[in-house]
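Chemist:
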Amino acid sequence: MRKDVGIAGGGVSGSLLAYQLRAKDYEVTLYDIVPKYSKPCGDIVPKVYEPPVPWQEKFRIKRFLFKLDGRPISEISYSRTKWVVIDKWEWINRMRAYVRIERPEHVKRHDFIIDAKGPYDMDREVVYTTRAIIKTNRFSDVAVFEFDTKYTGFYWVFPSEEGKLNVGAGFLEEKNSRALLAGYIKENFPDAEILDLRGAPISIGAPKRKDLRIGEARGLVYPLSGEGIRPSAISAEVAYRALERASNKDEFEELMNQDRRLRRIETQIAVQRALLSLYRKSSLPSRRKLLETLMKSEVLIDAYLEDKVDPQGILESLKGVKDGVDFRKF
Ligand SMILES: Cc1cc2nc3c(=O)[nH]c(=O)nc-3n(C[C@H](O)[C@H](O)[C@H](O)COP(=O)(O)OP(=O)(O)OC[C@H]3O[C@@H](n4cnc5c(N)ncnc54)[C@H](O)[C@@H]3O)c2cc1C
Numbered sequence: 024m025r026k027d028v029g030i031a032g033g034g035v036s037g038s039l040l041a042y043q044l045r046a047k048d049y050e051v052t053l054y055d056i057v058p059k060y061s062k063p064c065g066d067i068v069p070k071v072y073e074p075p076v077p078w079q080e081k082f083r084i085k086r087f088l089f090k091l092d093g094r095p096i097s098e099i100s101y102s103r104t105k106w107v108v109i110d111k112w113e114w115i116n117r118m119r120a121y122v123r124i125e126r127p128e129h130v131k132r133h134d135f136i137i138d139a140k141g142p143y144d145m146d147r148e149v150v151y152t153t154r155a156i157i158k159t160n161r162f163s164d165v166a167v168f169e170f171d172t173k174y175t176g177f178y179w180v181f182p183s184e185e186g187k188l189n190v191g192a193g194f195l196e197e198k199n200s201r202a203l204l205a206g207y208i209k210e211n212f213p214d215a216e217i218l219d220l221r222g223a224p225i226s227i228g229a230p231k232r233k234d235l236r237i238g239e240a241r242g243l244v245y246p247l248s249g250e251g252i253r254p255s256a257i258s259a260e261v262a263y264r265a266l267e268r269a270s271n272k273d274e275f276e277e278l279m280n281q282d283r284r285l286r287r288i289e290t291q292i293a294v295q296r297a298l299l300s301l302y303r304k305s306s307l308p309s310r311r312k313l314l315e316t317l318m319k320s321e322v323l324i325d326a327y328l329e330d331k332v333d334p335q336g337i338l339e340s341l342k343g344v345k346d347g348v349d350f351r352k353f
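Here the sequence shown is numbered in the numbering used here, starting from 24 and rising by one per residue.
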């Protein structure tokens, strides 16, 4: 008999899981507080993953600039696409249109209820981020990371589509990322026309519990970069297969915990959390030194850009940067 599944939260993980189950004739109900997905994002995914429901690519990124306290430190250029900018809202809302959506207060009984509410239970440490889509004559195809050692976090400037940039900010010590972002845009893009401005939290710490959860609700976001689309989508793929096989909650969790892809993501996230904790305890001069050292290594930058700062990932980057990479230190 087909199971009846309720999913709380129709973002990346909830919508993808709902779509996959519905395509196999499961009874699925998605519960969300908003009729359409509109959460802000950098919309970036490293070009190492394709979801089972394809997304549209808006832009391809090959060049990256790293800045520290206002100074450029290094630039890396690839001959192949390293990151893609996806149309995340279109992708998610297309998947959501395929399933029944109800308000959370109308929740009914299901064989399984999966929590895919992203960071919104707020049972973990989060960083408050704001991002703007701007139109500017200073458009460039380079993705910029700008670190400020006074804070833990960064400003980003990512191409969004031709002529438009996705500019954002998120810092652990400063909740008002909107004000910092406004100052950053004024200084760097004085001609900017702000087309859209929104804020949302990103998980940094581990959630209190992870059972029957997927995506960011399960803590699957990389704390040093904020990358959460790929891990959330992978967790939805794994959850879909687990739901096909599991007859109860314990079996579901066992199947989730056994999955090798999820285990590797969790290890990589744990490494990033340990590095973040070290960074937060460091003095300002040590932070500067640490960041400069990282930014001057093309291998570590390469691993960071794909969130694989684990031994296997660093080894892959060591091999990967040998061909087709142009690296410049300032
Ligand atoms: C500003 C910003 C920039 C980011 N940039 C990137 C990036 O460039 N690349 C990347 O990979 N990741 C990025 N992330 C992280 C990424 O957006 C998330 O990790 C990812 O969307 C998490 O997917 P999810 O399915 O877990 O949850 P979400 O996509 O967060 O979806 C959660 C859903 O739950 C719903 N919800 C909330 N409360 C309730 C409730 N009580 N009941 C029911 N539903 C509820 C919400 O409405 C939403 O639809 C960014 C995040 C932010 C905030």
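Don't be surprised by glycine CBs; every beta carbon is placed ideally from N, CA and C.
Is it the case that the CB of S255 approaches a heavy atom of ligand 2 more closely than 7 angstroms?
Modeler: For the structure depicted, ligand 2 is absent and the ligand set comprises only ligand 1.
Chemist: Relative to ligand 1, is the shortest distance from any of its heavy atoms to the C-beta of I124 smaller than 7 angstroms?
Modeler: No.
Chemist: Using the three-state DSSP reduction, which class does N189 fall into: helix, strand or coil?
Modeler: In the structure shown, N189 sits in a strand (DSSP, three-state: E or B).
Chemist: For K209, which three-state DSSP category applies?
Modeler: Residue state, collapsed to three classes: helix.
Chemist: Given 7 angstroms as the limit, tell me if G65 has its C-beta closer than that to any heavy atom belonging to ligand 1.
Modeler: Result yes, Cβ under 7 angstroms from ligand 1.
Chemist: If contacts are defined as beta-carbon pairs under 8 angstroms, then R351 and E98 qualify, I think. What distance do you get, rounded to the angstrom?
Modeler: So it is a contact: roughly 5 angstroms between Cβ atoms.
Chemist: Quick one: which unbroken alpha helix (DSSP H) runs of 4-plus residues sit fully inside the region 279–343? Chain order, please.
Modeler: For the region 279–343, whole alpha helix (DSSP H) runs of length 4 or above, ordered along the chain, are 283–304, 307–318, 321–328, 334–343.
Chemist: Is S183 near ligand 1, judged by its Cβ being under 7 angstroms from some heavy atom?
Modeler: Flag unset: Cβ of S183 not near ligand 1.
Chemist: Between V122 and L218, how many whole angstroms is the CB-CB distance? I'm expecting something under 8 angstroms.
Modeler: Going by Cβ atoms, the distance from V122 to L218 rounds to 30 angstroms, so no, they are not a contact pair.
Chemist: Between which residues of its own chain and Y72 is the CB-CB distance below 6 angstroms, once the five residues before and five after are set aside?
Modeler: Counting only Cβ-Cβ distances below 6 angstroms, and skipping sequence neighbours, we find R253.
Chemist: By how many angstroms is the C-alpha of Y60 removed from the C-alpha of Q43?
Modeler: Whole-angstrom Cα-Cα distance: 18 angstroms.
Chemist: Between which two residues does the alpha helix (DSSP H) harbouring L22 extend?
Modeler: With the chain running from 24 to 353 in the structure shown, residue 22 is simply not present.
Chemist: Suppose the cutoff is 7 angstroms on Cβ atoms and the five residues either side in sequence are ignored; what does the same chain contact list for V16 look like?
Modeler: Residue 16 cannot be examined here, being either before or after the span of the chain that is shown, 24 to 353.
Chemist: How do the region 183–191 and the region 144–156 stand: do at least 3 beta-carbon pairs fall below 8 angstroms, yes or no?
Modeler: They touch, by the three-pair rule.
Chemist: Check whether the Cβ atoms of L39 and A259 lie closer than 8 angstroms to each other.
Modeler: Yes.
Chemist: Closer than 7 angstroms to a non-hydrogen atom of ligand 1 - does that hold for the CB of Y54?
Modeler: Yes.
Chemist: Using DSSP with H/G/I as helix, E/B as strand and the rest coil, what is A31?
Modeler: Strand, per DSSP.
Chemist: Among all the DSSP beta bridges, which residues are the ones paired with K111?
Modeler: Looking at the DSSP assignment, K111 forms no beta bridge with any residue, so it has no partner.
Chemist: Is T175 close to ligand 1? I mean its beta-carbon at under 7 angstroms from any heavy atom of the ligand.
Modeler: Flag unset: Cβ of T175 not near ligand 1.
Chemist: Measuring from the CB of I252, is there a heavy atom of ligand 1 at a distance below 7 angstroms?
Modeler: For ligand 1, at least one heavy atom lies less than 7 angstroms from the Cβ of I252.
Chemist: Cβ of F275 within 8 angstroms of Cβ of L243?
Modeler: No, the pair does not count as a contact, with Cβ atoms beyond the cut-off.
Chemist: Apply the 10 Å Cβ neighbour rule to K131 and answer buried if 16 or more other Cβ atoms are within range, or exposed otherwise.
Modeler: With fewer than 16 Cβ atoms within 10 Å of its Cβ, K131 is classed as exposed.
Chemist: So, using beta-carbon positions, are Y302 and T175 closer together than 8 angstroms?
Modeler: Against a cut-off of 8 angstroms, the Cβ pair of T175 and Y302 comes out as a contact.
Chemist: Measure the beta-carbon distance from S183 to F82 and round it to whole angstroms, keeping in mind my assumption that it falls under 8 angstroms.
Modeler: Correct: roughly 7 angstroms between the Cβ atoms.
Chemist: Can D330 and Q281 be called in contact, C-beta distance under 8 angstroms?
Modeler: Their beta carbons are not under 8 angstroms apart, which means D330 does not touch Q281 by this criterion.
Chemist: Please name the residue, chosen from V150, S300, R268, that lies closest to S226 on a Cα-to-Cα basis.
Modeler: It is V150.
Chemist: Have a look at E289, A215, R284, S270 and flag the residue whose alpha-carbon is nearest the alpha-carbon of F245.
Modeler: The question names Phe, but residue 245 is Tyr in the sequence shown. Of the candidates E289, A215, R284, S270, the one whose C-alpha sits nearest the C-alpha of Y245 is E289.
Chemist: Grab me the residues of F170's own chain with a C-beta within less than 6 angstroms of its C-beta, minus the 5 sequence neighbours each way, in chain order.
Modeler: Closer than 6 angstroms at the Cβ level, and outside the excluded window around F170, lie L91, F177, L314.
Chemist: Among the candidates L203, D325, S248, P127, whose CA atom is the shortest distance from the CA of D66?
Modeler: If we check each option's Cα against that of D66, S248 comes out closest.
Chemist: Would you mind sorting V344 into buried or exposed? The rule is 16 or more other CB atoms within 10 Å of its CB.
Modeler: V344 comes out buried.
Chemist: Who are the near neighbours of F162 in its chain, counting only those whose CB is closer than 8 angstroms to its CB and skipping five residues on each side?
Modeler: For F162, where only same-chain residues beyond five positions count, the Cβ hits under 8 angstroms are P182, E185, G186, K187, L188.
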